[in-house]
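Peer 1:
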Amino acid sequence: MIEDIKKEALELIRSAKDSAAVERLRIRFLGRKGEISKILRSLKDLSVKERQTVGPVAQQLKKDIERLIQEKTAVFSKSIQQGLPGIDITMPGKKIKIGYLHPLTLIEKEIRGIFKAMNFSVVEGPEVETEYYNFDALNIPKNHPARDMWDTFWLQNSQQLTSDKEQLTKGQESKVKGQMLLRTHTSPVQIRYMETHKPPFQIIVPGRVFRYEATDASHEINFYQIEGLMVGKTVTLANFKFVIQEFFKRLFRSDIEIRFRPSYFPFVEPGLEVDIRCIKCGGRGCGICKDSGWLEVMGAGMVHPRVFEAAHYNPRDFQGFAFGLGLERMAMIKYNIPDIRLFYSGDLRFIQQF
Ligand code: FA5
765 MIEDIKKEAL
775 ELIRSAKDSA
785 AVERLRIRFL
795 GRKGEISKIL
805 RSLKDLSVKE
815 RQTVGPVAQQ
825 LKKDIERLIQ
835 EKTAVFSKSI
845 QQGLPGIDIT
855 MPGKKIKIGY
865 LHPLTLIEKE
875 IRGIFKAMNF
885 SVVEGPEVET
895 EYYNFDALNI
905 PKNHPARDMW
915 DTFWLQNSQQ
925 LTSDKEQLTK
935 GQESKVKGQM
945 LLRTHTSPVQ
955 IRYMETHKPP
965 FQIIVPGRVF
975 RYEATDASHE
985 INFYQIEGLM
995 VGKTVTLANF
1005 KFVIQEFFKR
1015 LFRSDIEIRF
1025 RPSYFPFVEP
1035 GLEVDIRCIK
1045 CGGRGCGICK
1055 DSGWLEVMGA
1065 GMVHPRVFEA
1075 AHYNPRDFQG
1085 FAFGLGLERM
1095 AMIKYNIPDI
1105 RLFYSGDLRF
1115 IQQF
């Protein structure tokens, strides 16, 4: 029996992981009610002969355990001295929580990568825009009913920005004329880019846009768009169809059927709406596609000659396509997110899923 206790005690003490475990073993074997103490106490009930054999063995075991415990405690206190004082460096560490990328950041990065691989450059523009770039230069003159397509946040103190008109040339003056606003789409960057670059080129413009409208499961007042613009001597809708088909194929990692529907945007002619086959039901009809089998994903078309004129291009020299897609809607389709408001809820349980 003593041999069994000896084997177990020595093994346990040797494999103890920290000083607390050693202390627990000390109490278990050497404490007042400990296993060795019990044996030593019971010696008095044995015959003289038995006492002479059991006594020395139990005493020796007590010494062995004491020595081993001392050695083990010394090892731990040495490692504490070598590490930080008062910290048991043998304790398991606390797991540090790492952050997560927001799903909009993830999808924007992916989309940038896809277009870069197709030789598109990434360009950005201002979120506070002039009426000229957001509307006039895009063939949406003042009082034109098409302005109602974009519910606008107008900025009140905008006139101050245009107060020092003497320093502006005539051309510059017309661009800052009118009120400032929060851009309602990324299309103004088409003009800004063309003013300073010559075709051929192909760009995408990711960015935040703002609309003064009621929110619901698919509408936010602040959301992201990605504009696309490709201009050259012979760029056609066929090029657009290839680029956009390739884009969806790479984004959803499968062949996606797309369809064009005639639509109206003042800055393109012809204008179209692009739909993709419902990712969820494959076209059979479901809640996501509202039983139509198709998902509306972007506006597009061939750049209107008036837009080229606003950028001082001769519309006879160049042609090109433009498109604008909603980033949240793409993310909703890709990650199966039912409500656009979740993106801006600040709820960590949502973010931590990506
Ligand atoms: C435009 O904003 C055009 N500038 C797009 C364009 C560019 C057409 C170039 C032609 C050529 P529209 O208002 O449809 O179009 O918005 C484009 C996309 O933004 C929509 O397809 C949708 O995905 C997204 N979107 C529009 N309104 C909201 C909203 N309130 N909340 C979230 N996404 C929206």
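Every position in the sequence shown, counted from 1, becomes a number in the working numbering once 764 is added.
Glycine included, each C-beta is placed from N, C-alpha and C at the ideal position.
Do threonine 950 and glutamine 989 have their beta-carbon atoms positioned less than 8 Å apart in this structure?
Peer 2: For the purposes of this step, residue 989 is identified with residue 225 of the sequence shown, where counting begins at 1. For the purposes of this step, residue 950 is identified with residue 186 of the sequence shown, where counting begins at 1. Yes; because the gap between Cβ atoms is below 8 Å, this pair is in contact.
Peer 1: Please give me, in chain order, every unbroken run of the alpha helix (DSSP H) with length at least 4 that falls completely inside the segment 811-852.
Peer 2: You should have 812-846.
Peer 1: Would you kindly report the start and end of the unbroken beta strand (DSSP E) that includes glycine 877?
Peer 2: Numbered from its first residue, the sequence shown carries residue 877 at position 113. That residue, glycine 877, is in no beta strand (DSSP E); its alpha helix (DSSP H) goes 867-881.
Peer 1: Relative to the ligand FA5, is the shortest distance from any of its heavy atoms to the C-beta of leucine 868 smaller than 7 Å?
Peer 2: Along the sequence shown, read from residue 1 onward, the residue named residue 868 stands at position 104. Leucine 868 Cβ: outside cutoff for every heavy atom of the ligand FA5.
Peer 1: Just curious, the alpha helix (DSSP H) that tyrosine 1108 is in, first and last residue?
Peer 2: Here residue 1108 refers to the residue found at position 344 when the sequence shown is read from its first residue. Looking at the DSSP string, tyrosine 1108 is not in any alpha helix (DSSP H), and its letter there is neither H nor E.
Peer 1: The beta strand (DSSP E) spanning methionine 1096 covers which residue range?
Peer 2: Position 332 of the sequence shown, counted from the first residue, corresponds to residue 1096. Counting along the chain, methionine 1096 falls outside any beta strand (DSSP E), though it belongs to the alpha helix (DSSP H) covering 1091-1099.
Peer 1: Return yes when the C-beta of histidine 949 is under 7 Å from any heavy atom of the ligand FA5, and no when it is not.
Peer 2: Taking the first residue of the sequence shown as position 1, residue 949 is located at position 185. At least one heavy atom of the ligand FA5 is nearer than 7 Å to the Cβ of histidine 949, so yes.
Peer 1: Whole angstroms are fine: how far does the CA of glutamate 1092 sit from the CA of aspartate 928?
Peer 2: On the sequence shown, position 164 is the one that residue 928 refers to. On the sequence shown, position 328 is the one that residue 1092 refers to. Its pLDDT being 49, under 50, aspartate 928 is placed unreliably by the model, and nothing is read from it.
Peer 1: Between which two residues does the alpha helix (DSSP H) holding serine 783 run?
Peer 2: Walking along the sequence shown from the start, residue 783 turns up at place 19. Serine 783 -> alpha helix (DSSP H) spans 783-794.
Peer 1: State yes or no: is the C-beta of arginine 1093 nearer than 7 Å to some heavy atom of the ligand FA5?
Peer 2: In the sequence shown, counting from the first residue as 1, residue 1093 sits at position 329. Yes, the ligand FA5 has a heavy atom inside 7 Å of this Cβ.
Peer 1: Could you give the DSSP three-state label for glutamine 1117: helix, strand or coil?
Peer 2: Position 353 of the sequence shown holds residue 1117. Coil.
Peer 1: On the criterion of 16 or more Cβ atoms from any shown chain inside 10 Å, does aspartate 915 qualify as buried, or is it exposed?
Peer 2: Position 151 of the sequence shown holds residue 915. It counts as exposed.
Peer 1: Could you tell me which of Phe974, Leu807, Gly863 sits nearest to phenylalanine 917, measuring between CA atoms?
Peer 2: Locating residue 917 in the sequence shown gives position 153, counting from the first residue. Nearest of Phe974, Leu807, Gly863 to phenylalanine 917, Cα basis: Phe974.
Peer 1: According to DSSP, simplified to helix, strand and coil, what is valine 887?
Peer 2: Numbered from its first residue, the sequence shown carries residue 887 at position 123. Note: valine 887 maps to coil in three-state DSSP.
Peer 1: Can you give me the Cβ contacts of serine 885 inside the same chain, cut-off strictly under 8 Å, excluding the 5 residues immediately before and after it?
Peer 2: For this step, residue 885 is matched to residue 121 along the sequence shown. Result list for serine 885: Phe965, Gln966, Ile967, Ile968, in chain order.
Peer 1: Tell me which residue opens and which closes the alpha helix (DSSP H) that arginine 956 is part of.
Peer 2: On the sequence shown, residue 956 is found 192 positions in, with the first residue counted as 1. Counting along the chain, the alpha helix (DSSP H) containing arginine 956 begins and ends at 952-960.
Peer 1: Confirm the yes/no value for this check: CB of glutamate 977, any heavy atom of the ligand FA5, distance under 7 Å.
Peer 2: For the purposes of this step, residue 977 is identified with residue 213 of the sequence shown, where counting begins at 1. Indeed, a heavy atom of the ligand FA5 lies less than 7 Å from the Cβ.
Peer 1: DSSP has arginine 805 in a bridge; who is on the other side?
Peer 2: As a position in the sequence shown, residue 805 is number 41, starting the count at 1. For arginine 805, which the question treats as bridged, DSSP gives no partner whatsoever.
Peer 1: Can you give me the C-alpha to C-alpha distance between methionine 1096 and glycine 889, rounded to a whole angstrom?
Peer 2: Along the sequence shown, one-based indexing puts residue 1096 at 332. Along the sequence shown, one-based indexing puts residue 889 at 125. About 25 Å.
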